[in-house]
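Read the structure below first, then the notes.
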């Protein structure tokens, strides 16, 4: 079946540095992918819609200059957290649709120290 | 704006007992409805979905959900829970019509954490 994979699963970075998270659709093409953020014991909040070949669409309140999204191919979207701060520490999940189902990646834990 | 409410933050049931997790939605029309499960530190796995037709939907792992239009509800049920069912459960909606399914963002409920007592 369709699979969405994220990498890395875990990442620790220092404050002020940038970190990139990849989201891949392994056996299907996805013109659109979604990036969600989840704080501990909370629900998923949509951050942005990643569109292949065009600019991402950000939800209200999400800083587009801080959370850079690139969807350069039909199977890969990347989320770069720039100048990371401890408050950016969170669980980031991507999703993509295939057929009539939306699939989620395994998620990426980001810890900023 | 559409919204999803999961009234129960945390539910504890004994292994072998039946389970019902509540989900109510607010939307101008009947949206597409989903239930996902998330184990600690993991991504989300789709349990089942409702688009149209039979209002009782069967999913994986022995779960089912019933869509009730009059109550704007889509409650998840399982007749006998197993210890491995302990997880976080999320109800989600997507708007209709879906011009190109997969390219629609989901709105999630706040989740219900399920604890299983041996």
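Chains as they are written, first to last, in my numbering: chain A, 1 to 113; chain B, 1 to 118. Cβ coordinates follow ideal geometry from the N, Cα and C atoms, glycine included. All figures in this text were calculated on a predicted structure; none of them were measured in a lab.
For residue 37 (chain A), the secondary structure class from DSSP, reduced to helix, strand or coil, is strand. Judged by DSSP secondary structure, residue 56 (chain B) falls within the beta strand (DSSP E) whose first and last residues are 56 to 58. The segment 86 to 98 of chain A makes no contact with the segment 12 to 23 of chain B, as fewer than three CB pairs between them are under 8 Å. Close CB contacts of residue 11 (chain A) within its chain, under the 6 Å cut and outside five residues either way in sequence, are with 19, 110 (chain order). Between the beta-carbon of residue 93 (chain B) and that of residue 107 (chain B) there is about 5 Å, and that keeps the pair under the 8 Å contact cut.
Using a CB distance cut-off of 9 Å, residue 46 (chain A) counts as an interface residue toward chain B. Looking at A:34, A:7, A:17, the one whose alpha-carbon comes closest to that of residue 95 (chain A) is A:34. For residue 12 (chain A), the enclosing beta strand (DSSP E) begins and ends at 10 to 13.
For residue 21 (chain A), the enclosing beta strand (DSSP E) stretches over residues 19 to 25. With respect to residue 49 (chain A), residue 67 (chain A) sits apart: the two C-beta atoms are not nearer than 9 Å. At a beta-carbon threshold of 8 Å, the residues of chain A lying near residue 105 (chain B) are 34, 46, 49, ordered along the chain. Selection A:107, A:75, A:82, A:40 evaluated against residue 32 (chain A) yields A:75 as nearest (Cα-Cα).
Of A:59, A:78, A:36, the smallest CA-CA separation from residue 25 (chain A) is found for A:78.
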